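Student: Throughout the sequence shown, residue numbering follows this note's numbering, covering -11 to 625 in sequence.
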Amino acid sequence: MSKGKSLLAAFALAWAALAGEAVAQTTNATLLGDVMDASGAVIPGAEIVARNLSTNVVREVQTDAQGRYRVFPLNPGQYDVTASAGGFRSTIQPGIVIEVASTVKIDFTLEVGETSETVEVTAEAAMLQTQDASVGGNVSSQELARLPVNGRNYTRLILLMPGVSDISRSQSRGTLSGTQLSSVNGQRTQDNNYSVDGVDNNFQHMNSPGASPPMDSIHEFRVATNNSAEFGRSAGANVNVVIKSGSRDLHGSLYEYLRNDKLDANDFFANRAGRGKVPYRQNQYGVAIGGPVLLPKLYNGRDKTFWFFSWEGFRSRRGSTAISTTPIADQRTGDFSQQARQIFDPLTSTAAADGTITRDAFANNAIPTSRINPAITYYMDNIMPMPNRPGLVNNLINTASASNDRDVFVVRGDHYFGSRDNVFVRYLNQSAGVGNPNSNPNLFATERFDVESYSAGWNHVFGPTSVLEVKFGLNNPANPLNTQSRTIQREQLLANAGISMYQPDVLFSPLPAFTATGEFTMGGGGGFIIQDTIPQFIVNLSKVMGKHSLRMGYNFTPRYYSINASDPMNGSATFDQRLTSQSGVALSGHSTASMLLGYPMEVRRGSGTVFPHARVFASQTYIQDDWRVTSRLTLNL
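Following this line, the structure appears as structure tokens:
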């Protein structure tokens, strides 16, 4: 048995021993076609040479007995493709664009003549992809650079693809990566699958995109549905991003994109109300550079070793104004004489035969100092600021700045050992955080989304008909959310207020929450830390056997998911006006008065910090046969 058949048999046996859902990913492309003479007769043994114009890397194959050729794997890029055979003039198709994970068919018709003579085809080659039934499209680096995109995030260009629709914010969760969540063919946004360089780039918690590489670092990306067998996992779209590799010459870019309220018109409604523009500053800047590895007098990697680096910073500050209610000074001492609502003493409650409850009114609509709960007043004075606007409601205005900061960098290296072997390594790091002010200036919310992503791959060509592709990946997204950050120290506040700490060690040290229904909430908070760890191993084997192009693969993706969530035992208490109201009196009772007395209507206490963990071991396989029945008919089986 030949070496190629032995390899195919061994891989088929391994595949048969496994079971699972097809989900492998590839970024490599395929170039195929037929070589004929002017009469339409096939030319066996013709030499096909595909040269990458960026790296000068060359792939060579020969046509089979039926004049067919297939060049695989090819990195996405622009190629000059030459066909030559003894007794015929060489023919070159210049500038053929090979897109990510695509199959491009280029046929050659050779003219009789000397091989040293070359015919250059100036007519543009037909690039319609007819070799599979996938639906979608590619966005190239030129389009990424030239198209105006708000926020400069590649996922916003997914809307250019067929079957893609935007959805309202009420239906989707925004992301700190600045990504656009889209519905493809009517599927949920969570049904899309994102990959970078062929390995996982998902955040499992909401199945949203993980790290978002800078647009200047992307060679191209493909959005596809109705995919071949190797693309599975999700009912929506597969979004496959390829990071740029260096070229044989040094190339780079330096950029900044600016948005500023000084350049914007005022909002229509704000202008009509006589208000000025909300302060807004947004800066997005970065650098992208790549080239060959050159060590003077030591190493010249101009045609075989390449590097690429990109970094981008994003800074946004937007003015935010919130209006809320806070107790006035008199109310904090129990004096509600400024209120039209009469407050009643719940300790004087008497029940009539018909069930009606009557209470005595507090004299002068004021609670005696001896009846006020000192823990509540201490808590209130340290958390709730005094009013800065007149009135009893909507008397607190807080104008602050909402922040959104993000730094992303990516490094990639490629090396070609020759025409048979090439490897790559890539590292992607994202550090993102937002700060959202609260209506209470003493409190604010913070959230982060940090991602580290690693990938490496090896392509080996056994011969003209057999190719092995191996990839490793590791995706580590983390999402800490703190709903109420503050300068107030929890331990000191509760100790001074005389409130017992049932659980001192709670994530983000949340405060007990006291709510005066219809008025305000003081305290509260908490949050969570979500951590994904997603290693991945992928192996694909391609084998051409006459009219059949077999492709099979295996993907092992264990997913480790953990969430550290605070559920504080100090809990919450809710107060309303019912305990200080009088039956039959419309304007009676006040929730803040009930709070000062220390009489809640509802008390809750959580179970403490929880640590749920989940592990999923996904072992998935596929096999596909692309059968070229005729030059016009290909079956994907």
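Cβ coordinates follow ideal geometry from the N, Cα and C atoms, glycine included.
No experiment lies behind these values; they were computed from the predicted model shown.
Per DSSP, which residues does residue 47 bridge with? Please list them.
Tutor: For the purposes of this step, residue 47 is taken as residue 59 along the sequence shown, with counting starting at 1. Answer is 38.
Student: Alpha carbon to alpha carbon, what distance is there between residue 519 and residue 643?
Tutor: Outside the shown range of the chain (-11 to 625) lies residue 643, about which nothing can therefore be said.
Student: Taking the CB atoms as reference points, tell me whether residue 470 and residue 457 lie closer together than 8 angstroms.
Tutor: To locate residue 470, count along the sequence shown from 1; it is residue 482. To locate residue 457, count along the sequence shown from 1; it is residue 469. Cβ distance not < 8 angstroms, so residue 470 and residue 457 don't count as in contact.
Student: Express the C-alpha separation of residue 601 and residue 264 in angstroms, rounding to a whole number.
Tutor: By 1-based counting over the sequence shown, the position of residue 264 is 276. By 1-based counting over the sequence shown, the position of residue 601 is 613. Going from the Cα of residue 264 to the Cα of residue 601 covers about 49 angstroms.
Student: Grab me the residues of residue 75's own chain with a C-beta within less than 7 angstroms of its C-beta, minus the 5 sequence neighbours each way, in chain order.
Tutor: As a position in the sequence shown, residue 75 is number 87, starting the count at 1. Counting only Cβ-Cβ distances below 7 angstroms, and skipping sequence neighbours, we find 100.
Student: For residue 364, report the span of its alpha helix (DSSP H) as first-last.
Tutor: Taking the sequence shown and counting its residues from 1, one reaches residue 364 at position 376. 362 to 371 is the span of the alpha helix (DSSP H), which, as asked, contains residue 364.
Student: Count the other C-beta atoms from every protein chain shown that fall within 10 angstroms of the C-beta of residue 162, then say buried if there are 16 or more, exposed otherwise.
Tutor: Counting from 1 along the sequence shown, the entry for residue 162 is found at position 174. With a pLDDT of 44 at residue 162, under the threshold of 50, the modelled position of this residue cannot be trusted; read the value that follows with caution. Burial call: exposed.
Student: Our contact map puts residue 172 next to residue 213 with C-beta atoms below 8 angstroms; I'd like the distance itself, whole angstroms only.
Tutor: Stepping through the sequence shown from its first residue, residue 172 is reached at position 184. Stepping through the sequence shown from its first residue, residue 213 is reached at position 225. So it is a contact: roughly 6 angstroms between Cβ atoms.
Student: Alpha carbons only, please: which of 129, 60, 525 and 31 is nearest the one belonging to residue 606?
Tutor: In the sequence shown, the residue the question calls residue 606 occupies position 618. Checking every option, the nearest Cα to that of residue 606 belongs to 525.
Student: Which residue spans inside the segment 190 to 235 form an unbroken alpha helix (DSSP H) run of at least 4?
Tutor: If we require 4 residues or more, the segment 190 to 235 turns out to have no alpha helix (DSSP H) run fully inside it.
Student: Given a cut-off of 8 angstroms on the beta-carbon distance, is the pair residue 612 and residue 216 in contact?
Tutor: Position 624 of the sequence shown, counting from 1, holds the residue named residue 612. Position 228 of the sequence shown, counting from 1, holds the residue named residue 216. Taking 8 angstroms as the Cβ cut-off, residue 612 and residue 216 qualify as a contacting pair.
Student: Can you list, in chain order, the residues of its chain whose CB lies under 7 angstroms from that of residue 301, leaving out five sequence neighbours each side?
Tutor: Sequence index remark: in the sequence shown, residue 301 carries index 313 (1-based). Counting only Cβ-Cβ distances below 7 angstroms, and skipping sequence neighbours, we find 273, 274 and 395.
Student: Per the DSSP calculation, residue 561 is bridged to which residue(s)?
Tutor: Counting from 1 along the sequence shown, the entry for residue 561 is found at position 573. In DSSP, residue 561 forms a bridge with 502 and 591.
Student: Tell me, to the nearest whole angstrom, how far the beta carbon of residue 64 is from that of residue 87; I am working on the premise that it is less than 8 angstroms.
Tutor: Counted from its first residue, the sequence shown places residue 64 at position 76. Counted from its first residue, the sequence shown places residue 87 at position 99. Correct: roughly 6 angstroms between the Cβ atoms.
Student: Should residue 626 be labelled buried (16 or more other beta-carbon atoms within 10 Å of its own) or exposed?
Tutor: As shown, the chain starts at -11 and ends at 625. That puts residue 626 outside it, with no answer to give.
Student: Tell me the residue span of the beta strand (DSSP E) that contains residue 453.
Tutor: Position 465 of the sequence shown, counted from the start, is the residue given in the question as residue 453. It is not in any beta strand (DSSP E) - residue 453 carries neither H nor E in the DSSP assignment.
Student: Please go through the same chain and pick out, in chain order, the residues whose beta-carbon is closer than 6 angstroms to the beta-carbon of residue 210, but skip the five residues on each side of it.
Tutor: Numbered from its first residue, the sequence shown carries residue 210 at position 222. Excluding sequence neighbours, residue 210 sits near 88, 89, 126 and 228.
Student: I'd like the ranges of any beta strand (DSSP E) spanning at least 3 consecutive residues and lying wholly in the segment 313 to 348.
Tutor: You should have 332 to 339.
Student: Between which two residues does the beta strand (DSSP E) containing residue 257 stretch?
Tutor: Taking the sequence shown and counting its residues from 1, the one referred to as residue 257 is at position 269. Per DSSP, residue 257 belongs to no beta strand (DSSP E); it is in the alpha helix (DSSP H), 256 to 260.
Student: For residue 396, which beta-bridge partners are listed by DSSP?
Tutor: Against the sequence shown, residue 396 aligns to sequence position 408. Answer by DSSP bridge pairing, in chain order: 300 and 418.
Student: For residue 541 versus residue 592, is the C-beta spacing smaller than 8 angstroms?
Tutor: For the purposes of this step, residue 541 is taken as the residue at position 553 of the sequence shown. For the purposes of this step, residue 592 is taken as the residue at position 604 of the sequence shown. Contact flag unset, no.
Student: Do residue 330 and residue 576 have their C-beta atoms within less than 8 angstroms of each other?
Tutor: The residue you call residue 330 lines up with position 342 of the sequence shown. The residue you call residue 576 lines up with position 588 of the sequence shown. Yes, Cβ-Cβ distance for residue 330 and residue 576 is below 8 angstroms.
Student: Whole-angstrom Cβ separation of residue 398 and residue 277, contact assumed at under 8 angstroms?
Tutor: Here the question's residue 398 lines up with position 410 in the sequence shown. Here the question's residue 277 lines up with position 289 in the sequence shown. Not quite, the Cβ-Cβ distance comes to about 12 angstroms (not below 8 angstroms), so this is no contact.
Student: Are residue 168 and residue 143 closer than 8 angstroms when you measure CB to CB?
Tutor: Position 180 of the sequence shown, counted from the first residue, corresponds to residue 168. Position 155 of the sequence shown, counted from the first residue, corresponds to residue 143. Taking 8 angstroms as the Cβ cut-off, residue 168 and residue 143 qualify as a contacting pair.
Student: Tell me whether the beta-carbon of residue 30 lies closer than 8 angstroms to the beta-carbon of residue 54.
Tutor: For this step, residue 30 is matched to residue 42 along the sequence shown. For this step, residue 54 is matched to residue 66 along the sequence shown. It is a contact, given that the beta carbons lie within the stated cut-off.
Student: Count Cβ pairs between the segment 413 to 420 and the segment 192 to 210 that sit closer than 8 angstroms; are there 3 or more?
Tutor: In short, these stretches touch, since the Cβ pair count reaches three.
Student: Among 349, 389 and 544, which one has its Cα closest to the Cα of residue 304?
Tutor: Indexing the sequence shown from 1 puts residue 304 at position 316. When each option's Cα is compared against that of residue 304, the closest is 389.
Student: When you compare only the Cα positions, how much space is there between residue 573 and residue 271?
Tutor: Against the sequence shown, residue 573 aligns to sequence position 585. Against the sequence shown, residue 271 aligns to sequence position 283. Approximately 58 angstroms, taken between the alpha carbons.
Student: Could you check the C-alpha separation between residue 296 and residue 445 for me, to the nearest Å?
Tutor: Here the question's residue 296 lines up with position 308 in the sequence shown. Here the question's residue 445 lines up with position 457 in the sequence shown. Between residue 296 and residue 445, the C-alpha separation is close to 16 angstroms.
Student: Given this structure, state the Cα-to-Cα distance separating residue 133 from residue 204, to the nearest angstrom.
Tutor: Position 145 of the sequence shown, counted from the start, is the residue given in the question as residue 133. Position 216 of the sequence shown, counted from the start, is the residue given in the question as residue 204. About 7 angstroms.
Student: Starting from residue 131, trace the alpha helix (DSSP H) in both directions and tell me its first and last residue.
Tutor: The count along the sequence shown starts at 1 and reaches residue 131 at position 143. Looking at the DSSP string, the run of the alpha helix (DSSP H) that includes residue 131 is 129 to 134.
Student: When the Cα atoms are used, what is the spatial distance from residue 400 to residue 188?
Tutor: In the sequence shown, residue 400 corresponds to position 412, counting from 1. In the sequence shown, residue 188 corresponds to position 200, counting from 1. So the alpha carbons of these two residues sit roughly 17 angstroms apart.
Student: Helix, strand or coil: how does DSSP classify residue 575 here?
Tutor: The sequence position of residue 575 within the sequence shown is 587, counting from 1. Three-state result, residue 575: coil.
Student: Quick check on this structure: which residue in 509, 365, 235 and 532 has the alpha carbon closest to the alpha carbon of residue 487?
Tutor: Translated into positions along the sequence shown, residue 487 becomes position 499. Closest option to residue 487, Cα to Cα, is 365.
Student: From residue 10 to residue 539, what does the alpha carbon distance come to, in whole angstroms?
Tutor: The count along the sequence shown starts at 1 and reaches residue 10 at position 22. The count along the sequence shown starts at 1 and reaches residue 539 at position 551. Model confidence at residue 10 stands at a pLDDT of 40, short of 50, so the residue's coordinates are unreliable and nothing is read from them.
Student: Would you call the CB atoms of residue 280 and residue 257 closer than 8 angstroms?
Tutor: Position 292 of the sequence shown, counted from the first residue, corresponds to residue 280. Position 269 of the sequence shown, counted from the first residue, corresponds to residue 257. Cβ atoms of residue 280 and residue 257: not closer than 8 angstroms.
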